[in-house]
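**Student:**
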Amino acid sequence: MTQETGGFAALGIHPNVLTAITAVGYEEPSPIQAQAIPQILAGHDLIGQAQTGTGKTAAFALPILSLIDPAKREPQALILAPTRELALQVATAFESYSVNLPGVKVVAVYGGAPMGPQLKALRQGAQIVVATPGRLCDHLRRDEKLLNTVRHLVLDEADEMLKLGFMDDLDVIFEALPESRQSVLFSATLPASIRGIAEKHLREPKHIKIAAKTQTVAKIEQAYLMVHADQKAAAVLRLLEVEDFDALIAFVRTKQATLDLAAALEAKGYKAAALNGDIAQNQRERVIEFLKDGRLDIVVATDVAARGIDVPRITHVFNVDMPYDPESYVHRIGRTGRAGREGRALLLATPRERRMLQVIERVTGQKVTEVKLPDSKQVLDSRIRRLTKALQPLLATAEASHGELLDRLTTELGCEPRALAAALLVKATNGQALNLAEIEREQPLVPNSGPQRERRDREGGDHERRERRAPQPLAEGRVRCRTALGARDGIAAKNLLGAILNEGGLARDAIGRIQIRETFSLVELPEEGLDRLLGKLKDTRVAGKSLKLRRYRED
Ligand code: ADP
Ligand code: MG
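If you're matching positions, the sequence shown starts at 1 in the numbering used here and goes up one per residue.
(1) Spatial neighbours of residue 361 within its chain, please: C-beta separation below 8 Å, excluding the five flanking residues on both sides.
(2) Rounded C-beta distance between residue 50 and residue 194? I'm assuming under 8 Å.
(3) Measure the CB-CB distance between residue 78 and residue 147 and report whether it falls below 8 Å.
(4) Have a look at residue 46 and residue 308 and give me their C-alpha separation to the nearest angstrom.
(5) Express the C-alpha separation of residue 251 and residue 573 in angstroms, rounding to a whole number.
(6) Please state the DSSP three-state secondary structure of residue 249.
(7) Drop a sphere of 10 angstroms on the beta-carbon of residue 377, count the other beta-carbons inside from all chains shown, and report buried for 16 or more, exposed for fewer.
(8) Please report the Cβ distance between residue 62 and residue 37, rounded to the nearest whole angstrom; I am assuming they are in contact, meaning their Cβ atoms lie under 8 Å.
(9) If we ignore side chains and look at the alpha-carbon of each, how far apart do residue 230 and residue 14 end up?
(10) Just to confirm my understanding: we take residue 55, look at its own chain, exclude 5 residues before and 5 after, and list those with CB closer than 7 Å. What are they?
(11) Are residue 380 and residue 481 touching if we call contact CB-CB under 8 Å?
(12) So what does residue 17 bridge to, in DSSP terms?
(13) Assign residue 27 to one of two classes, buried (16 or more other C-beta atoms within 10 Å of its C-beta) or exposed (fewer than that).
(14) Could you please give me the residues that DSSP links to residue 183 through a beta bridge?
(15) Which residues bound the alpha helix (DSSP H) around residue 322?
(16) In the DSSP output, which residue or residues are listed as bridge partners for residue 478?
(17) For the region 475-491 and the region 525-534, state whether three or more C-beta atom pairs, one from each stretch, are separated by less than 8 Å.
(18) Enumerate, from N- to C-terminal direction, the unbroken beta strand (DSSP E) stretches of 3 or more residues contained entirely within the region 194-275.
(19) Counting C-beta neighbours from all protein chains within 10 Å, is the total for residue 272 16 or more, i.e. buried, or is it exposed?
(20) Given the structure, does residue 56 come close to the ligand ADP, in the sense that its CB is under 7 Å from one of the ligand's heavy atoms?
(21) Can you tell me which of the three DSSP states residue 342 falls into?
(22) When the Cβ atoms of the region 87-98 are set against those of the region 311-324, are three or more pairs found closer than 8 Å?
(23) Leaving out five residues before and five after residue 290 in sequence, what residues of the same chain have Cβ atoms less than 6 Å from its Cβ?
(24) Going straight from the alpha carbon of residue 247 to that of residue 168, what length do you get?
(25) Below 8 Å on the Cβ atoms is my guess for residue 335 versus residue 317; work out the distance and round it to an integer in Å.
(26) With DSSP collapsed to three states, give me the class of residue 309.
(27) Name the two residues that bound the continuous alpha helix (DSSP H) containing residue 109.
(28) Within 10 angstroms of the Cβ of residue 85, are there 16 or more other Cβ atoms? Answer buried if so, exposed if not.
(29) For residue 172, report the span of its alpha helix (DSSP H) as first-last.
(30) Shortest alpha-carbon distance to residue 284 belongs to which of 298, 305, 270?
(31) Using the rule of at least 16 other Cβ atoms within 10 Å of the residue's Cβ for burial, across every protein chain shown, is residue 24 buried or exposed?
(32) Quick one: give me the first and last residue of the beta strand (DSSP E) that residue 134 is part of.
(33) Any heavy atom of the ligand MG closer than 7 Å to the beta-carbon of residue 303?
(34) Run the proximity test for residue 26: is its beta-carbon closer than 7 Å to any non-hydrogen atom belonging to the ligand ADP?
(35) In or out: residue 547 buried (at least 16 other Cβ within 10 Å) or exposed?
(36) Among the candidates 87, 41, 345, whose CA atom is the shortest distance from the CA of residue 151?
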């Protein structure tokens, strides 16, 4: 036993798992780990409640790896996660904690990838199965005995799972699991729906709750900037001039906004990319890989697409659009300050969002300080600071290697070294503005939100009216589907809803807005498991006509 893993060793974890933790570099168990690990090892059912970033994955992965039997080549533990990203992240964590457990195999089962290889890995004796509920149900339909040998079940991020409409899938999965099993549920929040699941499917569970005063925010410096919606992109560009970031993730609300902002950043020379639900899975994984290895520095993402991103070099989170609730704010800023590092979170708030700001302060128990938009002088100082920093290391050797060339060039050009150095600076900085007058021309000052504009906003000026006319953004994780049946076919919203509920087997709250138009209708449905749902509805008829629901793409 080493000094470093002392805290973990006392919990009763398998020695080969302990050595793996040392290699990963964990020193002490986090509070949720210290409390949950002994309970899970003792075989109890458990409800663990703790915020994002508190180390819930290891809290269940370490004891489960200690409990399984590597000699038995069959599924022994099932971990359910709400999204592909999270499933992959959990599977990767299991892999890293099991490097010293020969014979232990982990398989990730999620939508958007072919089923064949997943099934093969399952049949080849993976003991740990990490799955999204939708795809796992697809597998169960082909092989209902798939989960017969599972002895440990984990519902990770249970609240997110229900938000994404997985209730029915969960019922199917519970049905397919042996009665005698250990069930563990982890969640950041415990709404009534989760407590209902726990009552029905857990046996005398132990409760562990880590107080909402999160460790996550402790190391994250939070600030906000008041800005008008139409000036957000300009404000982001200006902030980036003065913020000293390594990698950064910017959150926006819509898919289109990810594309727009990423394009604006790329145009300014940043290594930036968009991440949203429309982007294919393998491409998303590549974006995250690039962010990890430095081929990208900025990712502009929606909440769903960014869930579970764990990239240690992220130093900054920009909340370009306000999150929908304080929980998702905490989720978002938890993308920085990973593994105990320091991070900075900056929120762009419009005057009407002041109230949400107060709620966030209350929930995180921390002050969010106001910052002003950097002015031209600050931009200039920052550019010069960067240039100085870039030149500094060259001074030691440049004269030896390039001094003679300098002499020759001054002679050939017939100029003073100062004139030549200035010319070289122009070239080296690619024509970047490096004096006040030029910077002011290049970036006309974004006006700070004065009282006049604020009043206009409250009274519903142009700006606000324009916002109200814009199409309503889709909730995260939902997509719009279209049918050619509309009002002229005698369709009403309740017929459509009834058909989808009955034939599709969805929970009522999984279905979003329904819009009936003259010649067609739109309905918002969960993205996860969509293909399967549309398959189920293939032959559905409404008002005597074939429904033929299809995914609808606005662009
Ligand atoms: P949660 O699921 O609660 O949001 P994660 O399990 O994803 O949190 O862990 C968040 C981060 O903290 C990960 O980068 C993980 O590697 C790291 N971590 C977890 N436990 C420890 C620990 N005991 N010591 C140091 N880092 C840890
Ligand atoms: Mg987690």
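Every residue gets a Cβ at the ideal spot worked out from N, C-alpha and C, and that includes glycine.
**Tutor:** For this structure:
(1) Mapped onto the sequence shown, residue 361 falls at position 361. Around residue 361: 367, 368.
(2) Within the sequence shown, numbered from 1, the residue matching residue 50 stands at position 50. Within the sequence shown, numbered from 1, the residue matching residue 194 stands at position 194. Not quite, the Cβ-Cβ distance comes to about 14 Å (not below 8 Å), so this is no contact.
(3) For the purposes of this step, residue 78 is taken as the residue at position 78 of the sequence shown. For the purposes of this step, residue 147 is taken as the residue at position 147 of the sequence shown. Contact flag set, yes.
(4) As a working mapping, residue 46 is identified with position 46 in the sequence shown. As a working mapping, residue 308 is identified with position 308 in the sequence shown. The straight-line gap from Cα to Cα measures roughly 22 Å.
(5) Look at the range of the chain in this structure, 1 to 555, and you will see that residue 573 is not part of it.
(6) By 1-based counting over the sequence shown, the position of residue 249 is 249. Of the three classes helix, strand and coil, the one that applies to residue 249 here is strand, per DSSP.
(7) If you number the sequence shown from 1, residue 377 lands on position 377. Exposed is the call here.
(8) Sequence index remark: in the sequence shown, residue 62 carries index 62 (1-based). Sequence index remark: in the sequence shown, residue 37 carries index 37 (1-based). So it is a contact: roughly 6 Å between Cβ atoms.
(9) Numbered from its first residue, the sequence shown carries residue 230 at position 230. Numbered from its first residue, the sequence shown carries residue 14 at position 14. One C-alpha to the other measures close to 56 Å.
(10) Taking the sequence shown and counting its residues from 1, the one referred to as residue 55 is at position 55. Within the same chain, residue 55 has close Cβ partners 30, 32, 33.
(11) Position 380 of the sequence shown, counting from 1, holds the residue named residue 380. Position 481 of the sequence shown, counting from 1, holds the residue named residue 481. In this structure, residue 481 does not lie closer than 8 Å to residue 380 by Cβ.
(12) Position 17 of the sequence shown, counted from the start, is the residue given in the question as residue 17. The partner list for residue 17 (beta bridge, DSSP) is empty, contrary to what the question assumes.
(13) On the sequence shown, residue 27 is found 27 positions in, with the first residue counted as 1. Counting Cβ neighbours within 10 Å, residue 27 comes out exposed, since fewer than 16 surround it.
(14) Residue 183 sits at position 183 when you count from the first residue of the sequence shown. Residue 183 has 153 as its beta-bridge partners, per DSSP.
(15) The residue labelled residue 322 in the question sits at position 322 within the sequence shown. Premise fails: residue 322 is in no alpha helix (DSSP H) and is neither H nor E.
(16) If you number the sequence shown from 1, residue 478 lands on position 478. Residue pairing from DSSP places residue 478 in a beta bridge opposite 526.
(17) yes
(18) 206-209, 220-226, 247-251, 272-275
(19) Indexing the sequence shown from 1 puts residue 272 at position 272. Residue 272 comes out buried.
(20) Counting from one through the sequence shown, the residue named residue 56 turns up at place 56. Yes.
(21) As a position in the sequence shown, residue 342 is number 342, starting the count at 1. Residue state, collapsed to three classes: coil.
(22) no
(23) Along the sequence shown, one-based indexing puts residue 290 at 290. Contacts found: 296.
(24) On the sequence shown, residue 247 is found 247 positions in, with the first residue counted as 1. On the sequence shown, residue 168 is found 168 positions in, with the first residue counted as 1. So the two alpha carbons sit approximately 39 Å from each other.
(25) For the purposes of this step, residue 335 is taken as residue 335 along the sequence shown, with counting starting at 1. For the purposes of this step, residue 317 is taken as residue 317 along the sequence shown, with counting starting at 1. Yes, they are in contact, since the Cβ atoms of residue 335 and residue 317 sit about 5 Å apart, within 8 Å.
(26) In the sequence shown, the residue the question calls residue 309 occupies position 309. Residue 309 falls in the coil class under three-state DSSP.
(27) Counted from its first residue, the sequence shown places residue 109 at position 109. Residue 109 -> not in any alpha helix (DSSP H); beta strand (DSSP E) instead, spanning 106-109.
(28) Translated into the one-based positions of the sequence shown, residue 85 becomes position 85. By the neighbour-count rule (16 or more Cβ atoms within 10 Å), residue 85 is buried.
(29) The sequence position of residue 172 within the sequence shown is 172, counting from 1. That run of the alpha helix (DSSP H) goes 167-176.
(30) Your numbering for residue 284 matches position 284 in the sequence shown. The candidate whose alpha carbon is nearest that of residue 284 is 305.
(31) Taking the sequence shown and counting its residues from 1, the one referred to as residue 24 is at position 24. Exposed: under 16 other Cβ atoms inside 10 Å.
(32) By 1-based counting over the sequence shown, the position of residue 134 is 134. Counting along the chain, residue 134 falls outside any beta strand (DSSP E), though it belongs to the alpha helix (DSSP H) covering 133-142.
(33) Taking the sequence shown and counting its residues from 1, the one referred to as residue 303 is at position 303. No, Cβ of residue 303 sits at least 7 Å from all heavy atoms of the ligand MG.
(34) Walking along the sequence shown from the start, residue 26 turns up at place 26. Indeed, a heavy atom of the ligand ADP lies less than 7 Å from the Cβ.
(35) Numbered from its first residue, the sequence shown carries residue 547 at position 547. So residue 547 counts as buried.
(36) One-based indexing of the sequence shown puts residue 151 at position 151. Closest by alpha carbon: 41.
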